[in-house]
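Data first, discussion second: the structure below is written as structure tokens.
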Amino acid sequence: MKPPVGFSSRRRLFPRLLLRRLTSSPPPPSAATAEFAELCRRHELPAAMAAMESLHRRGLRGDPVAYSELIKCCLKNNAAEDGRRVHRHLAGGGGSLLSMFLCNVLLNMYAKLGLAEEARKLFDQMPERNVVSWTTMISTCGEEEALNLLVQMIRDGVRPNMYTYSSVLRSCSDLQTLRGIHCPVVKAGLESDVFVRSSLIDSYAKCGDLPSGRSVFDEMSTQDLVVWNSLIGAFAQAGGTSESVAVFVEMRRAGFRSSEAALTSLLRACAGTAMLEMGRQVHAQAVKSDADLILHNALLDMYCKCGELAEAAAAFWRMCRRDVISWSTMIAGLAQNGRSMAALELFEAMKKAGPPPNHITLVGVLFACSHAGLVEEGQKLFWSMEQLFGIKPEREHHGCMVDLLGRAGKLEEALRFIMKMDCEPDTIIWKSLLGACRVHRDVGMATQVAKQILLLDPDDEGAYILLSNVYAGCNQWGDAEEVRRAMRDRRVKKEPGCSWIEVGKEAHLFVAGDKSHPQAEAIGKELDRLICRIADAGYLPDTIFVLHDLEREQKEEVLRYHSEKLAIVFGLMNSIEGKPIRVMKNLRICGDCHNFAKIVSKAENRRIIIRDPVRFHHFVDGECSCGDYW
DNA sequence: TTAGGGTTAG
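The first sequence begins at 5 in my numbering and counts up one residue at a time.
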């Protein structure tokens, strides 16, 4: 007899199962295995685990599909210990239950849970391996190991398929290797697979070869939304905002919908290059996706990275759901924009009403302390974070502490702190101390610290530059020149300083002293006029920031054409009165440009926002949000 | 049973 409409077998089984669980007499073997299978199928983890134990106690065994569902359920619930228990049960009794199929499922669980060692151990123990086993193993590995496994699998007579190549390609971090793998992919006729294609695009972008990524895309005959998004994401990651927008427009024209992933990538690109107007336009496209958390986190980040804190805060409080990334983004955004106290207040609110902080949240909070000179608060947090939040200080947190002490002029204390650290100091931590030596003009310690960095990395450009800055700042021109010579001898090049500004949704780039911009002549003239105007307001070029031993007049000339000055003048010339001037820099702002921007903000009655790689400077009415503490 | 696109710091 057929059940009545709407009365599915699933609905019928449930009360029977419940009844059985409530009664003490065990079900007959066939019913017990069926019950186990059903619990596994329904992913009821604790009940299925109990059913498995009970079955095995009675010497009974379940169906392979049931075990496979149970292992998948362990993975879904992140229940590694339960997964291991299933593994032990399957391996017990001579291991007869551990078929290649179930080994592969277990392998996948270990791999996805990040338990690489356990995955490897199981893989090594497998008497037989098929393409799924090899591919699963490859997907857990970095480039070198993935390539080794690929060679071994071919030697073992197992032919890689599109899944295998997709994983191998994704592991490539070196362009030559990537090209080497691309060849057999083409030979095997697998390039047209959309998964392989998106892996190729992502990996070419990651290896810095965007044109190759683009040509893989252009050769695509069947179109696929994810592949479009891969290309948008690839340009976004490389900082190519206008290119990623162009691909987005192209994609829409080709009839594809604008997905959340694509909009998120665009926002990331806008954030990376501080393209606020473009970001606002993407925001307008994103309004329909109210519930998408990742997209809204990216939106928040975009406003923070464009220095628009009021809009960031509005976006933050408007979100219908906020996760640890939303809170961390907002806290770091406030801190980087010189609003340390507000960052700390938000952290207090998070502790009361938000999700538990993670290690990145605490980096943001420590950053807030170090950039506001809140030494005691920072130290208190650092020493209590493990106890309060269960987060063991990592290298990044130690780096923040060195920064905190160094910025506050406690150089000896910072050095002692480094010496006592549990982890080995890396060049980033030493450079933080070297930066503090420069600010506080401690030539002796700077020399020692720079030596330490160059021992770790003899080609570290930053160490040479910072040390030569320290010498130049103390008028030790001979020493500064010697550092420069050492740099030349080792062929270490200084990255040229550049700034850019968005005008009419386009980025205009300026390199120090560069006259290639179409308006270069007019900008130069306007800069001269501006410098004359602000000279009356007290601007005097501070030549200490010129690193070469030049005559004063020459130094002034070098300073005059620092890229941020050119960008500010261009912004003044090309934007509506009253609109803030927003400049982005690849290097940290020099003291003279900082002073220049302060005076211009007052003299021209303009808000100027400069973002360097570490933080923001908001110049309003002759003052900077950093309080001259950077 | 194996592979794809999106968010935070340094």
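Beta carbons are placed, not taken as given, at the ideal position from N, Cα and C, and that holds for glycine.
Could you check if residue i is buried or exposed, using at least 16 other CB atoms within 10 Å of its CB as the buried criterion?
i, result
"Pro500", "exposed"
"Arg16", "For Arg16, the predicted model reports a pLDDT of 39, less than 50, meaning its position is unreliable and no value from the coordinates is stated."
"Cys427", "exposed"
"Pro19", "Confidence at Pro19 is low in this model, with a pLDDT of 42, below 50, so its placement is unreliable and the value that follows should be read with caution. Result: exposed."
"Leu415", "buried"
"Ser13", "Reliability of the predicted coordinates at Ser13 is poor, the pLDDT of 38 falling under 50, and the value obtained from them is presented with this limitation in mind. Looking at its Cβ environment, which holds fewer than 16 other Cβ atoms inside 10 Å, Ser13 is exposed."
"Ser503", "buried"
"Val253", "exposed"
"Leu643", "A question about residue 643 goes unanswered here, because the residues of the chain that appear run from 5 up to 634."
"Trp387", "exposed"
"Met306", "buried"
"Arg326", "buried"
"Ile580", "exposed"
Are the CB atoms of residue j and residue i within a distance shorter than 8 Å?
i, j, result
"Asp540", "Asn599", "no"
"Val447", "Tyr475", "yes"
"Ala347", "Ala314", "no"
"Gly358", "Trp331", "yes"
"Met279", "Glu73", "no"
"Ala353", "Cys324", "no"
"Ser269", "Ile236", "yes"
"Ile527", "Met577", "yes"
"Cys597", "His622", "no"
"Val379", "Leu350", "no"
"Ile535", "Glu568", "no"
"Ala238", "Ile205", "yes"
"Thr144", "Ala120", "yes"
"Val162", "Arg183", "no"
"Ala273", "Ser234", "no"
"Asp461", "Thr431", "yes"
"Asn82", "Leu49", "no"
Counting along the chain, where does the alpha helix (DSSP H) carrying residue i start and finish?
i, result
"Glu416", "Leu415 to Lys424"
"His402", "Arg399 to Arg411"
"Lys309", "Leu297 to Lys309"
"Val379", "Val379 to Phe393"
"Pro60", "A small fix is needed here, since residue 60 is His in this sequence, not Pro. Note, His60: alpha helix (DSSP H), Leu49 to Arg61."
"Val587", "Careful: Val587 lies outside any alpha helix (DSSP H), inside the beta strand (DSSP E) at Ile585 to Lys589."
"His93", "Ala84 to Ala95"
"Phe600", "Gly595 to Ala607"
"His363", "His363 to His375"
"Arg537", "Ala524 to Asp540"
"Ile432", "Thr431 to Val443"
"Val136", "Val135 to Ile142"
"Trp453", "Per the sequence shown, the amino acid found at residue 453 is Val instead of Trp. Run containing Val453: Val447 to Leu460, per the alpha helix (DSSP H) assignment."
"Met282", "Leu280 to Ala290"
Can you give the Cα-Cα distance for residue i and residue j, rounded to whole angstroms?
i, j, result
"Asp532", "Asn609", "18 Å"
"Tyr633", "Gly477", "17 Å"
"Leu79", "Asn473", "53 Å"
"Ala123", "Leu154", "17 Å"
"Gly337", "Ser196", "42 Å"
"Ala240", "Leu303", "14 Å"
"Lys497", "Asp464", "10 Å"
"Gly243", "Gly276", "6 Å"
"Arg201", "Thr181", "16 Å"
"Tyr114", "Tyr169", "21 Å"
"Ala516", "Ser293", "42 Å"
"Ala571", "Leu513", "8 Å"
"Met389", "Val624", "36 Å"
"Ile329", "Lys355", "14 Å"
"Lys116", "Pro164", "20 Å"
"Ala394", "Val172", "According to the sequence displayed, residue 394 carries Gly and not Ala. Rounded to the nearest angstrom, the two C-alpha atoms are 36 Å apart."
"Pro522", "Lys509", "17 Å"
"Asp67", "Ala41", "7 Å"
"Val198", "Ile158", "23 Å"
"Leu106", "Arg61", "21 Å"
"Asn112", "Asn362", "27 Å"
Need the endpoints of the beta strand (DSSP E) that residue i sits in, please.
i, result
"Ala511", "Glu510 to Val515"
"Ser503", "Cys502 to Val507"
"Phe351", "Taken as a continuous stretch (DSSP letters only), Phe351 belongs to no beta strand (DSSP E), being part of the alpha helix (DSSP H) at Ser344 to Ala357."
"Arg615", "Ile612 to Arg615"
"Val624", "Phe620 to Val624"
query = Should the stretch 253-273 be regarded as contacting the stretch 492-510, the criterion being three or more beta carbon pairs within less than 8 Å?
reply = no
task = Check whether the stretch 171-191 touches the stretch 142-155, taking contact to mean three or more Cβ pairs, one atom from each stretch, closer than 8 Å.
result = yes
key: Any 3 or more C-beta pairs closer than 8 Å across the stretch 396-403 and the stretch 372-383   = no
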